[in-house]
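Visitor: This is the structure I have questions about; it appears just below.
Number of protein chains: 2
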Amino acid sequence: MASPRQLKLGAFLMSPGHHVAAWRHQDAQADLGADFKAYVRIAQAAEDAKFDLVFLDDTLAIKDTSPQTGRFSARSAFFEPITLLSGIAAVTERIGLAGTVSTTFNEPYTLARKFASLDLISQGRAAWNLVTSNTEAEARNFGDDPHLLHADRYRRAEEFIDVVTGLWASFDDDAFAYDKASGTFYQPDKMHVLNHKGVHFSVQGPLNVRRSPQGHPVVVQAGSSAPGMELAARTAEIVFTAQQTLADAQAFYSDLKARMSRYGRDPSDLLVMPGIFPVIGRTRAEAEDKFARLQDLIDPKVGIRLLSDMIGGFDLSRYPADGPVPDLPETNGGKSRQQLLFELARKEGLSILQLARRIAGARGHWQVVGTAEDIVDQLEERFTKGGADGFNIMPPTLPGGLNDFIELALPELRRRGLFRIEYEGRTLRENLGLRRPATSRFDTGRPDAACNDSVLAAE
Amino acid sequence: MASPRQLKLGAFLMSPGHHVAAWRHQDAQADLGADFKAYVRIAQAAEDAKFDLVFLDDTLAIKDTSPQTGRFSARSAFFEPITLLSGIAAVTERIGLAGTVSTTFNEPYTLARKFASLDLISQGRAAWNLVTSNTEAEARNFGDDPHLLHADRYRRAEEFIDVVTGLWASFDDDAFAYDKASGTFYQPDKMHVLNHKGVHFSVQGPLNVRRSPQGHPVVVQAGSSAPGMELAARTAEIVFTAQQTLADAQAFYSDLKARMSRYGRDPSDLLVMPGIFPVIGRTRAEAEDKFARLQDLIDPKVGIRLLSDMIGGFDLSRYPADGPVPDLPETNGGKSRQQLLFELARKEGLSILQLARRIAGARGHWQVVGTAEDIVDQLEERFTKGGADGFNIMPPTLPGGLNDFIELALPELRRRGLFRIEYEGRTLRENLGLRRPATSRFDTGRPDAACNDSVLAAE
Numbered sequence: 001m002a003s004p005r006q007l008k009l010g011a012f013l014m015s016p017g018h019h020v021a022a023w024r025h026q027d028a029q030a031d032l033g034a035d036f037k038a039y040v041r042i043a044q045a046a047e048d049a050k051f052d053l054v055f056l057d058d059t060l061a062i063k064d065t066s067p068q069t070g071r072f073s074a075r076s077a078f079f080e081p082i083t084l085l086s087g088i089a090a091v092t093e094r095i096g097l098a099g100t101v102s103t104t105f106n107e108p109y110t111l112a113r114k115f116a117s118l119d120l121i122s123q124g125r126a127a128w129n130l131v132t133s134n135t136e137a138e139a140r141n142f143g144d145d146p147h148l149l150h151a152d153r154y155r156r157a158e159e160f161i162d163v164v165t166g167l168w169a170s171f172d173d174d175a176f177a178y179d180k181a182s183g184t185f186y187q188p189d190k191m192h193v194l195n196h197k198g199v200h201f202s203v204q205g206p207l208n209v210r211r212s213p214q215g216h217p218v219v220v221q222a223g224s225s226a227p228g229m230e231l232a233a234r235t236a237e238i239v240f241t242a243q244q245t246l247a248d249a250q251a252f253y254s255d256l257k258a259r260m261s262r263y264g265r266d267p268s269d270l271l272v273m274p275g276i277f278p279v280i281g282r283t284r285a286e287a288e289d290k291f292a293r294l295q296d297l298i299d300p301k302v303g304i305r306l307l308s309d310m311i312g313g314f315d316l317s318r319y320p321a322d323g324p325v326p327d328l329p330e331t332n333g334g335k336s337r338q339q340l341l342f343e344l345a346r347k348e349g350l351s352i353l354q355l356a357r358r359i360a361g362a363r364g365h366w367q368v369v370g371t372a373e374d375i376v377d378q379l380e381e382r383f384t385k386g387g388a389d390g391f392n393i394m395p396p397t398l399p400g401g402l403n404d405f406i407e408l409a410l411p412e413l414r415r416r417g418l419f420r421i422e423y424e425g426r427t428l429r430e431n432l433g434l435r436r437p438a439t440s441r442f443d444t445g446r447p448d449a450a451c452n453d454s455v456l457a458a459e
Numbered sequence: 460m461a462s463p464r465q466l467k468l469g470a471f472l473m474s475p476g477h478h479v480a481a482w483r484h485q486d487a488q489a490d491l492g493a494d495f496k497a498y499v500r501i502a503q504a505a506e507d508a509k510f511d512l513v514f515l516d517d518t519l520a521i522k523d524t525s526p527q528t529g530r531f532s533a534r535s536a537f538f539e540p541i542t543l544l545s546g547i548a549a550v551t552e553r554i555g556l557a558g559t560v561s562t563t564f565n566e567p568y569t570l571a572r573k574f575a576s577l578d579l580i581s582q583g584r585a586a587w588n589l590v591t592s593n594t595e596a597e598a599r600n601f602g603d604d605p606h607l608l609h610a611d612r613y614r615r616a617e618e619f620i621d622v623v624t625g626l627w628a629s630f631d632d633d634a635f636a637y638d639k640a641s642g643t644f645y646q647p648d649k650m651h652v653l654n655h656k657g658v659h660f661s662v663q664g665p666l667n668v669r670r671s672p673q674g675h676p677v678v679v680q681a682g683s684s685a686p687g688m689e690l691a692a693r694t695a696e697i698v699f700t701a702q703q704t705l706a707d708a709q710a711f712y713s714d715l716k717a718r719m720s721r722y723g724r725d726p727s728d729l730l731v732m733p734g735i736f737p738v739i740g741r742t743r744a745e746a747e748d749k750f751a752r753l754q755d756l757i758d759p760k761v762g763i764r765l766l767s768d769m770i771g772g773f774d775l776s777r778y779p780a781d782g783p784v785p786d787l788p789e790t791n792g793g794k795s796r797q798q799l800l801f802e803l804a805r806k807e808g809l810s811i812l813q814l815a816r817r818i819a820g821a822r823g824h825w826q827v828v829g830t831a832e833d834i835v836d837q838l839e840e841r842f843t844k845g846g847a848d849g850f851n852i853m854p855p856t857l858p859g860g861l862n863d864f865i866e867l868a869l870p871e872l873r874r875r876g877l878f879r880i881e882y883e884g885r886t887l888r889e890n891l892g893l894r895r896p897a898t899s900r901f902d903t904g905r906p907d908a909a910c911n912d913s914v915l916a917a918e
């Protein structure tokens with residue numbers, strides 16, 4: 001008997017919580033971004049709760065250094081994700097470790113190696129969230145050139161990921177003989193030199209790190225623009241996304257999965273995991289109170305600055321806060337996020353400040369305020385009606401908001417049979433139900449493909 | 460009463476031991492380069508023994524991919540140092556964590572951030588070993604261009620380290636207020652934007668990681684060429700070096716320390732720690748037997764290939780192994796190492812194979828085979844006669860060779876009062892006796908300077 005389909009869960013651990021005013025709230029540890037042991041406690045709590053993974057975003061800059069508003073932002077200092085996840089790997093056993101690294105400001109050999117090393121340290125629990133970086137503040141930390149245009153960033157990313165996955169196949173799983181008697185360390189026919197020569201990169205290889213028990217790290221993406229979706233359809237194994245409604249989520253889900261066949265991929269090779277910002281109370285009134293308290297802590301300047309960042313750095317503080325969102329030129333930032341926000345403001349007739357307050361928690365992601373039943377009803381609906389394979393939980397505060405989800409929502413998810421009681425496997429791929437990548441580039445790694453070959457061969 | 464001067468010790472953990480044939484020996488774990496938990500046990504053993512630090516070298520490539528010899532080399536797959544050290548940081552408390560990262564194939568913002576994050580994760584135990592990378596194999600993993608010339612690499616490194624230390628001073632130690640009531644996360648006058656515009660780099664800053672309890676990571680260097688020594692005199696806090704004799708060590712030590720005054724630095728701001736490859740037995744005969752067993756495991760092809768790599772990639776396998784070392788053109792590799800080896804071969808009239816076997820263990824570093832007394836006699840002599848402030852122990856095998864040093868040599872060092880019984884402090888700087896760097900770039904950070912100011916102010 002096949003076990004019932006269960007949803008996957010990520011814990012998106014943005015310090016010190018996703019709400020822009022989180023750090024001022026009593027449920028948040030304001031200095032979490034400088035306290036490794038506190039991060040470990042949170043990751044271990046997520047592991048005890050059997051989350052599939054913890055997820056860390058990244059920004060290669062302090063976005064806001066203005067003397068007027070910068071001082072109010074908790075996103076001014078935080079850990080670099082790969083070092084933090086490597087530390088967490090050492091004191092956890094089963095939870096997946098997903099970190100964000102940009103393809104725009106890195107070299108593929110360096111990135112492939114860092115994640116391969118994390119994957120080996122964690123014994124097969126690493127995941128790489130590919131981003132192309134979308135702010136000018138980041139570009140200014142890496143040279144004089146203006147930031148690459150959106151389309152150029154994606155062309156670079158397309159080639160980047162091929163180099164990375166090629167490097168991850170440098171050695172077959174059984175390449176290392178360690179044969180002390182004969183002196184054979186590895187078998188040369190199981191070592192593959194990449195010799196990549198492309199438009200953006202020239203990388204010889206091989207990579208100097210052994211493959212992990214899960215083959216190579218899981219590939220995560222978040223872009224929802226057209227080039228982002230195409231890249232995801234071809235290469236991603238998890239997509240974090242942001243849709244406000246079930247209908248939008250269903251449309252995105254079926255669109256993305258349909259694109260995969262073009263690349264010879266099965267829809268089950270990719271998990272769609274929308275972000276959700278849950279504010280949970282024992283009653284609806286308690287949940288609404290919690291949310292109102294967070295909203296009360298928003299400094300309007302900080303909220304409008306966050307909104308300005310999210311639409312690609314266009315400074316909205318120069319417009320009346322109570323006036324309408326102006327018609328803005330297209331910027332070079334994240335395309336899909338910008339469009340979502342403008343549509344939201346137009347549809348509901350929001351002022352700048354109202355829009356800023358609206359996105360202060362979930363930053364354009366799906367936001368649900370209610371009881372555990374309310375939240376699980378909505379998760380179940382998206383999951384069973386073709387809108388999601390799982391969810392990336394964005395706690396309003398850390399550690400408080402994650403504890404709320406674990407204590408209140410998880411028991412209800414389990415009561416309905418929607419979430420695991422124990423990990424199914426040891427590696428992240430095993431827990432996510434994702435297949436192990438081919439041992440070399442010339443092997444598809446699909447058990448069914450191998451079966452078909454045998455059938456054909458027998459005919 | 461001042462405590463007697465004691466020497467500092469690093470454990471140089473090259474997997475699976477420094478001898479080129481180490482992995483074939485029974486005292487080495489052949490797959491150490493893929494076994495995180497084994498590395499943790501070794502680091503914890505070094506911490507139990509009160510070593511100042513563990514040290515990881517790095518190469519951004521598999522140097523030897525030839526089907527003839529590559530398969531015999533254990534240096535084909537190993538952990539990336541910063542991920543490995545971040546993992547080790549989570550399960551150790553006091554030992555320093557020194558990792559090698561190249562200035563030639565990285566961006567200063569990325570490097571500053573990784574080490575700042577490791578420094579915070581470890582609560583002030585990180586150290587960065589600056590290298591400029593010296594092989595063509597590495598260059599071929601990072602683009603089409605030929606490898607930068609030696610002098611150009613050093614010019615880039617000079618600017619690189621200034622950007623990195625500038626970024627490490629982005630926030631004063633007390634910049635973060637975390638004041639929930641007023642909403643002030645950090646004090647803006649304690650945040651510094653670097654705005655670096657140089658020949659090689661343009662980096663705005665500030666860095667988005669908080670300073671650690673030791674201020675910033677300890678800066679380590681190893682180059683002994685003229686530009687390398689000048690860079691070290693200006694910026695390094697530890698120098699790993701390789702001299703064969705006491706006279707050479709004394710000359711290097713006094714030369715380097717003398718250069719520091721040009722940069723307004725005190726000789727005590729820099730520790731000279733030569734590498735030593737110790738083969739230790741309970742008797743001299745036992746030590747010599749141990750060494751002979753390792754030498755017997757050398758495959759001549761592998762030994763000559765290592766020698767070729769060490770002189771900058773010039774292929775010596777095309778010459779008769781029993782013939783003299785030919786006159787070679789100057790290459791673009793590590794200058795100081797090349798010169799040391801050629802001088803050694805000339806002075807002792809060694810054949811290619813003899814020279815290869817000679818460097819198969821210590822790779823041009825100082826090699827001592829003997830009892831614990833023999834080894835400690837030599838360490839004491841170098842330490843007390845102006846040749847060293849401490850030593851970087853290069854175990855022939857891992858874990859076996861490190862355990863030998865801990866069990867046999869350390870008790871003798873302690874009997875003579877030359878090494879600590881307990882850590883003096885919590886941070887690496889405290890244990891090394893290095894001063895904490897200034898809290899901002901405009902403060903010298905010297906307690907005596909501050910005192911002088913007070914005296915002047917009182918006059």
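These protein sequence lines are chains A and B, in that order.
Its first residue numbered 1, the first sequence is counted upward by one per residue in the numbering used here.
Its first residue numbered 460, the second sequence is counted upward by one per residue in the numbering used here.
Even for Gly, the Cβ is constructed at its ideal location relative to N, Cα and C.
Using the Cβ count rule (16 or more neighbours within 10 Å means buried), how would you classify H19(A)?
Guide: The residue in question, H19(A), is buried, as its Cβ has 16 or more Cβ neighbours within 10 Å.
Visitor: Does chain A have any CB closer than 7 Å to the CB of E832(B)?
Guide: False, the Cβ-Cβ gap to chain A never drops below 7 Å.
Visitor: Using a Cβ cut-off of 7 Å (strictly closer), state whether N208(A) contacts chain B.
Guide: It does; some Cβ of chain B falls within 7 Å.
Visitor: Along chain A, in chain order, which residues have C-beta atoms closer than 9 Å to that of Q646(B)?
Guide: Going along chain A in sequence order, the residues near Q646(B) (Cβ under 9 Å) are R71.
Visitor: Which same chain residues end up closer than 8 Å to A908(B) when comparing Cβ atoms and leaving out the 5 residues on each side of it in sequence?
Guide: Per-residue confidence for A908(B) stands at a pLDDT of 33, beneath the threshold of 50, marking its modelled position as unreliable; no derived number is given.
Visitor: Quick one: what does DSSP say F510(B) is sitting in, helix, strand or coil?
Guide: Correct three-state label for F510(B): coil.
Visitor: Quick check: the segment 409–419 of chain A against the segment 358–375 of chain A, are there 3 or more CB pairs under 8 Å?
Guide: Touching, per the Cβ criterion.
Visitor: Please confirm whether H606(B) and A598(B) have their CB atoms less than 7 Å apart.
Guide: Against a cut-off of 7 Å, the Cβ pair of A598(B) and H606(B) comes out as a contact.
Visitor: Which of helix, strand or coil does DSSP assign to N195(A)?
Guide: Three-state DSSP puts N195(A) in coil, outside helix and strand.
Visitor: Go through its chain and collect everything with a Cβ distance to L418(A)'s Cβ below 8 Å, but skip five positions before and after it.
Guide: So the list reads Q6, L7, V376, L379, E380 and F383, once near-sequence residues are dropped.
Visitor: Check each candidate in V40(A), K290(A) and A181(A) and name the one with the smallest Cα separation from H25(A).
Guide: Cα-wise, what sits closest to H25(A) is K290(A).
Visitor: Of all the options Q582(B), F574(B) and G583(B), which has the alpha carbon lying nearest to the alpha carbon of L589(B)?
Guide: Looking at the Cα atoms, F574(B) is the closest of the given residues.
Visitor: With a threshold of 7 Å on Cβ separation, who are the neighbours of E158(A) within its own chain once the five nearest residues in sequence on each side are excluded?
Guide: Hits under 7 Å: L231.
Visitor: Any C-beta of chain A sitting closer than 7 Å to the C-beta of P475(B)?
Guide: Not an interface residue.
Visitor: Any Cβ of chain A within less than 7 Å of the Cβ of D516(B)?
Guide: Closer than 7 Å: no.
Visitor: Using a Cβ-Cβ cutoff of 7 Å, what residues of the segment 579–606 of chain B are near chain A? List them in chain order.
Guide: Per Cβ criterion, the list reads L579, I580, R599, N600, F601, G602 and D603.
Visitor: Enumerate in chain order the residues of its own chain whose CB-to-CB distance from A681(B) is below 6 Å, with the five nearest sequence positions on each side excluded.
Guide: The answer, listed in chain order, is F699.
Visitor: Between the Cα of V560(B) and those of G99(A), T110(A) and T135(A), spot the shortest distance and give me the residue it belongs to.
Guide: Of G99(A), T110(A) and T135(A), the residue nearest in Cα terms is T110(A).
Visitor: Tell me whether the beta-carbon of G772(B) lies closer than 7 Å to the beta-carbon of E595(B).
Guide: Yes, the Cβ-Cβ distance between G772(B) and E595(B) is below 7 Å.
Visitor: Measuring only between beta-carbons, confirm whether F901(B) sits less than 7 Å from chain A.
Guide: Caution applies to F901(B), whose pLDDT of 41 falls short of 50 and renders its modelled position unreliable; the value that the coordinates give is listed next. Cβ-Cβ to chain A under 7 Å: no for F901(B).
Visitor: Report yes or no: is there a C-beta of chain B within less than 7 Å of the C-beta of D453(A)?
Guide: Any reading at D453(A) is ruled out, since the residue's pLDDT is 32, under 50, leaving its predicted position unreliable.
Visitor: Can you tell me whether DSSP reads L978(B) as helix, strand or coil?
Guide: This structure cannot speak to residue 978(B), because chain B is shown only from 460 to 918.
Visitor: Pick from A74(A), W366(A) and L271(A): whose alpha carbon is nearest that of F635(B)?
Guide: Closest by alpha carbon: A74(A).
Visitor: Within the same chain, show all residues whose beta-carbon is closer than 6 Å to that of D309(A), passing over the 5 residues directly before and after it, in chain order.
Guide: The residues are K63.
Visitor: Could you tell me which chain A residues have their CB closer than 8 Å to the CB of A533(B), listed as they occur along the chain?
Guide: Going along chain A in sequence order, the residues near A533(B) (Cβ under 8 Å) are F185.
Visitor: Name the two residues that bound the continuous beta strand (DSSP E) containing M732(B).
Guide: L730 to G740 is the extent of the beta strand (DSSP E) around M732(B).
Visitor: Taking only the alpha-carbon atoms, compute the straight-line gap between F201(A) and F601(B) and give it to the nearest angstrom.
Guide: Taking the straight line joining both Cα atoms gives about 8 Å.
Visitor: Buried or exposed for L613(B), going by 16 or more other Cβ atoms inside 10 Å?
Guide: It is Tyr, not Leu, that sits at residue 613(B) in the sequence shown. Buried, by the Cβ-count rule.
Visitor: For P928(B), does the three-state DSSP call read helix, strand or coil?
Guide: Outside the displayed range of chain B (460 to 918) lies residue 928(B), so it cannot be described from this structure.
Visitor: Taking I62(A) as the query, report the chain B residues whose CB atoms sit under 7 Å from its CB, ordered along the chain.
Guide: Neighbours of I62(A) on chain B, chain order: P665 and N667.
Visitor: How many angstroms separate the CA atom of V91(A) from the CA atom of L297(A)?
Guide: Whole-angstrom Cα-Cα distance: 35 Å.
Visitor: Among all the DSSP beta bridges, which residues are the ones paired with A28(A)?
Guide: According to DSSP, A28(A) bridges with P399(A).
Visitor: Can you list the residues of chain B that E80(A) reaches, using a CB-CB cut of under 7 Å?
Guide: Here the neighbours are R572, K573, S576 and V668.
Visitor: Is any heavy atom of the ligand NAD found at a distance shorter than 6 Å from the C-beta of N403(A)?
Guide: Absent from the structure shown: the ligand NAD. Ligands present: none.
Visitor: What's the call for E407(A), buried or exposed, on a 16-neighbour Cβ count within 10 Å?
Guide: Result: exposed.
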